[in-house]
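Working notes, structure below.
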Amino acid sequence: MIKRHLNEREQAWFDQNVGLVEASIGRMVPVQTEEMKAGDALRVCVERYGFLPVDRDAFRGEIPQIRNMVPFSPFDFYIRRKLYIHNLGHATAAYLGLYTGKPLIADVIDEPEILFLAESAMLESAEALSKKYGVALPEILRHISDLLARFANRSLGDTCARVGADPVRKLAASDRLIGSARLCLEQGVSPAYLCVGAAGAVYQYLKENAKEQTPEQAKAALAQLASVVDGEALQAQILAYYELFAAGESLGGIRRAAQRVKAAAVGGAV
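Positions 1 to 270 (UniProt numbering) are the ones given, in order, by the sequence shown.
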């Protein structure tokens, strides 16, 4: 947008001297109360989290030393980490919370079955990201532990309705649920738990849009929203879990089904 207003000479100077540095912001923000604003409409209170990854390659000249700023290349790793671990775990917890009627994310994370399913999905993404970008797995696992503790922060007041809102966007082919599952398949990781979150999103989408809860409707939703079509392994796995949601299966039953899928997938690899 900027360069279209510059002539050729100005564009050359701009490219050489100006860096537009992308950042990945993972800090969560509660709904701002009047008490938090303290009379200042521009005042924003946030959680205590100060890690700011930025795109190392976008800087021009010497990179400034700024507290908690972490220049990194390739920066796409942090973009994917935010989407495929933070957003993925959040969404999975939210859809399971909506399924069980729990209003707050903090309540959901206190539920052992949901915590297990959400964390297991995040771990699958972590393994795939580590393989793709060559980032040490323990570093990503520490991030997951930190996230789960932060999800339990009641001061955020975060709701499953907010985090699970807009399943159409969250089921998109490259978004948190399907994108992470596809990355796993690309990297030789079974997305057994990731598909649980996707199935929960399909169930919620049909519910919100007053559509009949049938495998046919779920299959159509996957094709339309996620570009997951006949013949794909993802389709079969997500639909199998979806049928458990539609039948009112307990979280324990869904968890056991996912464990069986995972065990079958890794049985010959461990």
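Quick reminder that beta carbons are idealized off the backbone N, C-alpha and C, glycines included. The model shown is predicted, which means the values in this text are computed figures rather than measured ones.
Scanning the segment 32 to 65 for uninterrupted alpha helix (DSSP H) segments of 4 residues or longer gives 34 to 37, listed from N- to C-terminal end.
Distances from the alpha-carbon of Gln-235 to those of Leu-171, Glu-22, Arg-67, Gly-97 put Leu-171 closest. Put simply, the backbone Cα of Gln-187 is about 31 Å away from that of Ser-250. For Val-108, the uninterrupted alpha helix (DSSP H) segment begins and ends at 105 to 109. Per DSSP, Val-202 lies in no beta strand (DSSP E); the unbroken alpha helix (DSSP H) holding it starts and ends at 194 to 208. At a cut-off of 4 residues, the continuous stretches assigned as alpha helix (DSSP H) that sit fully inside the segment 128 to 206 are 137 to 151, 160 to 163, 167 to 170, 178 to 186. Counting the other CB atoms within 10 Å of its CB gives Ser-130 a total of 16 or more, which places it among the buried residues. Counted as a single uninterrupted DSSP element, the stretch harbouring Val-70 is not any alpha helix (DSSP H) but the beta strand (DSSP E) occupying residues 69 to 72. DSSP, read as helix, strand or coil, puts Ala-247 in coil. Residues Arg-27, Met-28, Val-29, Pro-30, Arg-150, Asn-153, Ser-155, Leu-156 of the same chain have their beta carbon placed closer than 8 Å to that of Glu-47, with the five preceding and five following residues left out of the count. For Ala-94, the enclosing alpha helix (DSSP H) covers residues 88 to 100. Cα atoms of Ile-238 and Met-36: separation of roughly 42 Å, rounded to the nearest angstrom.
Considering only Ala-106, Asp-110, Pro-138, His-90, the residue with the shortest C-alpha distance to Pro-167 is His-90.
Out of Ala-38, Asn-68, Tyr-99, Gly-19, the CA that lies nearest to the CA of Gly-197 is found in Tyr-99. Note: Ala-23 is bridge-paired with Val-54 in the DSSP secondary-structure output.
The residue among His-5, Gln-213, Val-189 with its C-alpha nearest the C-alpha of Ala-233 is Val-189. Collapsing the DSSP output to three states places Ser-227 in coil. Per DSSP, the unbroken alpha helix (DSSP H) holding Asn-17 starts and ends at 8 to 17. In this structure, the beta-carbon distance from Cys-45 to Val-108 does not fall below 8 Å. The three-state reading of DSSP puts Val-29 in coil, since its state is none of H, G, I, E or B.
The three-state secondary structure of Gln-235, taken from DSSP, is helix. Within its own chain, the residues whose Cβ lies closer than 7 Å to the Cβ of Phe-245, once the five positions on either side in sequence are excluded, are Tyr-99, Ala-199, Gly-200, Tyr-203, listed in chain order. Shown here for Ala-264: not one same chain residue has a beta carbon closer than 8 Å to its own, the five before and five after excluded. In chain order, Leu-206 place their CB closer than 8 Å to the CB of Glu-212, counting only its own chain and leaving out the 5 sequence neighbours on each side.
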